[in-house]
Amino acid sequence: MLAYVIRRVFAGVIMLIVMSIVTFALFFLTPIDQESFICGKNCSAAQKKETAAAMGYDDSFINQWSDFAKGVVVGRDFPDDPKLRETAPQTIVRCDAPCLGYSRERGDTVTNLIKDTFPVSFSLAVAAFILWMAGGILFGVLAALKKGTFIDRGVVGLSLIGFAFPTFFVGLLLYKFVAIQWGLTEIPRYTSIAEGGIGGWLSGLTLPAITLCLFFMAAYVRMTRSYVIESFQEDYVRTARAKGLPERTVTFKHALRAALTPIVTMAGLDFAGLMGGAIITESVFNYPGMGKLAVLASSDFDLPTTVGLVILLAAFVIMANIVVDLLYAVIDPRVRLG
Amino acid sequence: MAFTKKPLAALAATALAATLAACGGGSGDDDNGGGSSSGKAEKGGDAIFFVGPRTVEHWDPQRMYIGRDLNNSGRLFYRSLVALPASNDPVEGTTPVPDLATDTGTTEDAGKTWSFTVRDDVKWEDGQPITCEDFKYGASRNFATDVIIGGPANYLFTYLDIPTGDDDLPAYKGPYSKKGQELYDQAVTCEGQTITYRFKKAWPDFPLSIAQLRYLDPYRADLDKGDANNFEIISNGPYKLDGDWKEGTGGKFVRNENWDESTDPIRKAFPDTWDFREGDTDEAIYEQLLADSGDAQYAVTERRLPPALFSRKDEAGDRYTQVESPYVDYVLPNFNSPVFKDANCREALKLATDRAGWIKAGGGDNYFKATDSVINPSVPGYEPNPAFADIPAAGDPDGAAAALEKCSAPKPVKIKFTYSGGTPTSDNQASALKAAWDKAGFETELDPLEDTYYAVIQKPDADFDVTWGGWGADWASAGTVIPPLFDSRINITPDSNGNDYGNYKGGPEVNQLIDDAYAEPDLDAAADKWAAVDAKLGEDIAYIPLEITIFNFVHGGKVTGYANNVSVNGYADLAVLGVEK
Amino acid sequence: MAPRVRVASVTHGDEVKMTIPGSELEIHEAAVPIEDDAVVKVAGRSPTQLAIARFRADKLSMISFVLSVLIVLCAIAAPILVAMGVLNPNEPHQNLLSDDGVLPKGAFGGVSWDHPLGVDPSLGRDLLSRLMLAISSSLAIALTGTVITVIIGSILGIVAGFSGGFIDATIGRIIDLTLSFPQTMMLLAMAAPTVLLLRNEVSDAPGLGFLGKADLANGVFVIGILAVFGWPPVARVVRGQVLSIREREFIEAARLFGASRRRLYFREVLPNVWAPVLVYLTLLVPAYISAEAAFNFLGVGIKPPTPTLGNILAHSKDYTSGDPTYFFLPGFLLALIVVVFNLVGDGARDALDPKSHR
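Right under this line is the structure:
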């Protein structure tokens, strides 16, 4: 088991390195001179060159990547300029490991930016996750048990409709009508627990979490239903039935348990992805999370922030994959790690 | 060189804005001429400013260049040598008064040297006195072009008496590298509390530029962290930042105990706190303001009422205000394009341009006013441009079709219109122009660009035929309009056209006219000379004017002393605004 | 090694529907025991005929199939009607707008005999024309994206499944790598530079039908993103399918007769994996239509005046209270199209695999 874990983690790290190289190549090899966006409009050729040097964009992308990698491991100084260290040391920003870069546009280290925005995205992810898992599994199992009935058709139909409307459309409906025009809820604004207590945190989260959960719930209802139905047809369920076990035991102990295993693991992956920010939901509700940060960063060509976010999110997903595989082995005795 | 980024997102700073509809109570309070509504402001309460989707890019005074941020910071937490009083009078509101200085500046050589004396009873938020050295240091930061990016430093580069180096930039490289420090120390000097600026050439309206921009604000050398201070606010005004500024969210301002009301004739500082909120869409902001519910009752904004919600303005009653803005929008034929290097083709485009359709698509007469010059009527030097004054607002399709016959380009004349798109309004307005041009015989391809707009059109070899531009003067002088936009000598280099997107080259005649206007020390005579340059630009069809933006605002019901003052470009003047408790 | 969890890799963490959640298709090859009463009678027909018979027996599937055919016909007809001048998606009628603003005169967004669905605010263009042409362009993007996705996924899946060993492992790693990218964030970050680049590339190309050059650059980028991040699930499904077919007799026989590798891949194996691929294809189309709209909400995609469902919605979102007809109509049309195509996909899956879960 331990050997397996070590091997997976090692493979994960390799994957992350490859992925960060690909990301750097994608962003820094583009023929667009990024510095002209940062330099602004009244920017002469000389100023542009100065900016590029200050941003490190005049370096080869391999060097830029290795500087980045070094920053992750041991930290970095921005700008790393020995001359400036003599004349104006106070203008050099120290970015401690794990350093994901420094954003000129935002005047802060990417690590700090993420520290500010992560709690927002995480809150949203948790709230949506609880809602969609509860709703998805409940309705999915219900539909499976009542297969072919009016209830089943209703649940499946509704989930299909929920799936069909784009998230931003649903979000706008809730925001503009429920919150603003009808005034049924407060205007959603993110409030941290420290500021507004659990109550304030929850009330700020309600509408965005519902928006985000609807899409996932629709998918999870359909998925749960089909896994449950499938597991009823499995041999061991038939065996259990043949042995004369009560239907209730068969349903809950055998069929459901088997069906829910893949769902739980998959939910883990979805949750990991969501921790990196729900870009659309955060945009609709003006939620200052990592998704919103990504939108801001891409709109002003803030490459360090974008790259930092992309790599961090990839790390989340790679980690989640490992955890989920391990979890799968624990839940499902048929899986052997080796 | 203020510019507008999108047709409905004008930035920048400039002078006059006439109040069209001073709704409601009007001038109950002393000198707030117009645009004011509701009761008299009193101390106390918590006010909100909706910043909207366009977040603040810099709070560093030397890096700010957006009208909204220049205004708000100047009213709440940044002071400079001189400032504009809170007034809507076209003269009073655009005449600098002493702020941190004891006078409005003295010059003994018609503007080549300017001196100011700093008050000795003013303090920073940490209680330190504000010194002449702070001003000198602040100005020096403009020269650190690798760190202090985005501000209007170019004015200092043009005027301040510092030699130019091999790279066409000043030989002084700012306080961080200290390269060429001795050059700067000669150009800007402190004697006691008196600061003196020495220029290469006369700069008669220098104090106005200090009042309108923030690039000469004082700065604390001991607290300067360069780029990392982008969102740090070292206040010397009535409010200071409580905690951090968070981009995308905003920040909260509380009273600065080290600001002494008796030293400040301009800022009334009524509310106890100011909450700046970023990121909401215009629709979300205005749905709340129109409903006047919850927090929005205490709020003002610089966002404009979206045209989609205009029909609901009556719900707001006297909370709705309308002001003419200092911005002008125009289109530019590209002089490098095979079509529009021919004057006949430009003539056809000019006559075919349907300003009325453009205006209607952008919201109609309540949102824009057709205009006939790139110089805003509020700026001295404006005169109806004879080249455009007589064309009907909807254009002259027949005249255009006739002119197009003479155009040398192969028929049908295919043109590409590259514009700053991405908002429903800009896309629709472009479609309206296309419809009219096509009617006259052009075949127009629309090419909307968003974030990459300037990167594309600033390339001299770009393949567009027509593009869009918007501009507001940095201060009340046509010298901050025509040269930045049309002087090829300062704009066009092999790899950029600066702000001369149309690649217009006036040649010796126009260059001479510009130099003459610049050299004229009498501001009234200079205005006439600028008008003459504008007439020549019209003759060459260097641009085709479209309209002047009109601002439509709604503010919250518990806001008091609301005024859209000319001193803050027609935006809400936060210096005199209060809220009910 | 743990089995790869049966994960359809929903999306990487957000709400854009680029892959299909919960539809890791495990369609067994068509030669499954027939359980369906309706089909027993037709035993003896080919598996394909059986599947079609099953599909036709299902009312909901048939209704949605007919609807989807209508939608496709409408999409094909729209550009033709525009060319004939029957539809006029770009002609402004500003006289139909209220005098002091941008909203259409009259009820329901200016519904009239000439403009059965009203006109759009600020320009007064005919909404019916715009929506019909929008279906064309959205469907064109979704279909092209789907086909490219499926081609990439099938080729890599077949190669991986058939080759095994190092090649299989490499493709597996590429899949993992692709899936670990946050798609929407990449979409946003890559959009501006890539479109700028493409724009210069296509500047000499002729426009494509009603799509102009700027549309081409934006369209190619959207399709590219969809394909680049969409293929891994297809590859996995196909690989699994290939693994199960690989050992069967007819492949063994072909191998014995000395068939070339390429021949084996494409003449023997491909025909046997078409069923799951076809189902995936039908389900991917609505997912991509949805994705196009979501992308446009984020400012990426084909720009007006060329209408797509996405860019109409991106505009109409500002009119929730000003012109609700204009806000709701495109939203519901999009939802309808997505539902209909999904039902067809579901029906196809059930017909091909009666063991699946109805």
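Residue numbers (the working numbering), protein chains in the order written: chain B, 732 to 1069; chain Y, 199 to 779; chain F, 186 to 543. Just so it is clear, CB atoms sit at the ideal spot from N, CA and C, and this is done for glycine as well. Given the structure is predicted, the values throughout are model-derived calculations rather than measurements.
With respect to the 8 Å criterion, Pro658 of chain Y and Asn534 of chain Y are classified as neighbours on the basis of their beta carbons.
Shown here, Pro897 of chain B sits in coil according to DSSP, grouped into three states, outside any helix or strand. Taking 8 Å as the upper bound for CB-CB distance, Tyr496 of chain Y and Val254 of chain Y are not in contact here, some 20 Å apart. About 7 Å separates the CB atoms of Leu302 of chain F and Val296 of chain F; that is less than 8 Å, so the two are in contact.
Burial check for Leu733 of chain B: the Cβ neighbour count within 10 Å stays below 16, so the residue is exposed. For Trp913 of chain B, the number of other beta carbons within 10 angstroms of its own is below 16, and it is reported as exposed.
Taking 7 Å as the upper bound on Cβ-Cβ separation, chain Y lies near residues Asp847 of the region 841-870 of chain B.
Nearest neighbour of Tyr525 of chain Y by Cα position, chosen from Y:Val452, Y:Tyr652, Y:Thr678 and Y:Ala723, turns out to be Y:Thr678. By the Cβ test, the region 477-496 of chain Y is in contact with the region 907-923 of chain B, since at least three Cβ pairs between them sit closer than 8 Å. DSSP, read as helix, strand or coil, puts Gln964 of chain B in coil. If you ignore the 5 residues before and after Thr898 of chain B, its C-beta comes within less than 6 Å of the C-beta of Phe946 and Ile1011, all in its own chain and listed in chain order.
Rounded to the nearest whole angstrom, the C-alpha separation of Glu648 of chain Y and Trp673 of chain Y is 28 Å. Checking the DSSP bridge columns, you'll see Glu389 of chain Y partnered with Y:Thr392.
Contact check between the region 310-318 of chain F and the region 505-516 of chain F: three or more CB pairs, one atom from each, fall below 8 Å, which counts as touching. From the listed residues B:Gly871, B:Arg920, B:Asp789 and B:Ile994, the smallest Cα separation to Tyr1018 of chain B is found for B:Arg920. Val654 of chain Y has a beta carbon lying within less than 8 Å of a beta carbon in chain F. The shortest CA-to-CA distance from Thr302 of chain Y to any of Y:Asp732, Y:Thr315, Y:Gly768 and Y:Ala308 is the one to Y:Thr315.
Counting the other Cβ atoms within 10 Å of the Cβ of Ser523 of chain Y gives 16 or more, which makes it buried.
Here the alpha carbon of Phe853 of chain B sits roughly 29 Å from the alpha carbon of Leu498 of chain F.
Boundaries of the alpha helix (DSSP H) harbouring Ile497 of chain F: Leu494 to Ser501, taken from the DSSP string.
Residues of chain Y whose Cβ lies closer than 7 Å to the Cβ of Leu308 of chain F are, in chain order, Ala559, Asn626, Ser629 and Ala630.
When B:Val995, B:Thr937 and B:Val901 are compared, the shortest CA-CA separation from Ile918 of chain B is found for B:Thr937.
The beta-bridge partner set that DSSP reports for Glu641 of chain Y consists of Y:Lys612.
Contacts with chain F at 8 Å (Cβ-Cβ) include Pro622 of chain Y. Here the alpha carbons of Ile261 of chain F and Tyr958 of chain B stand approximately 38 Å from one another.
Going by C-alpha positions, Phe615 of chain Y is about 14 Å away from Tyr741 of chain Y.
Pairing Ala402 of chain F with Val422 of chain F gives a Cβ-Cβ distance that is not under 8 Å. In terms of CA proximity to Val537 of chain Y, Y:Pro608 leads the group Y:Leu503, Y:Pro608 and Y:Glu481. When only Cα atoms are considered, Ala592 of chain Y and Arg553 of chain Y end up about 6 Å apart. Within the region 462-489 of chain Y, contact with chain B at the beta-carbon level (separation under 9 Å) is assigned to Arg475, Glu476, Gly477, Asp478, Thr479, Glu481, Ala482, Glu485, Gln486 and Ala489.
Residues are counted here when their Cβ sits less than 9 Å from a Cβ of chain Y; for the region 262-287 of chain F these are Asn275, Glu276, Pro277, Gln279, Leu282, Ser283, Asp284, Asp285, Gly286 and Val287, given in chain order. DSSP places Phe442 of chain F in the coil class of the three-state scheme, outside both helix and strand.
Note that the region 711-731 of chain Y does not touch the region 498-507 of chain Y; fewer than 3 beta-carbon pairs, one per stretch, sit closer than 8 Å. Closest in C-alpha terms to Glu737 of chain Y, from the list Y:Arg273, Y:Val774 and Y:Ala585, comes Y:Ala585. Taken atom to atom, the span from the alpha-carbon of Ala1028 of chain B to that of Leu772 of chain Y is near 30 Å.
Around the Cβ of Val1038 of chain B, a 10 Å sphere holds 16 or more other Cβ atoms; the residue is buried.
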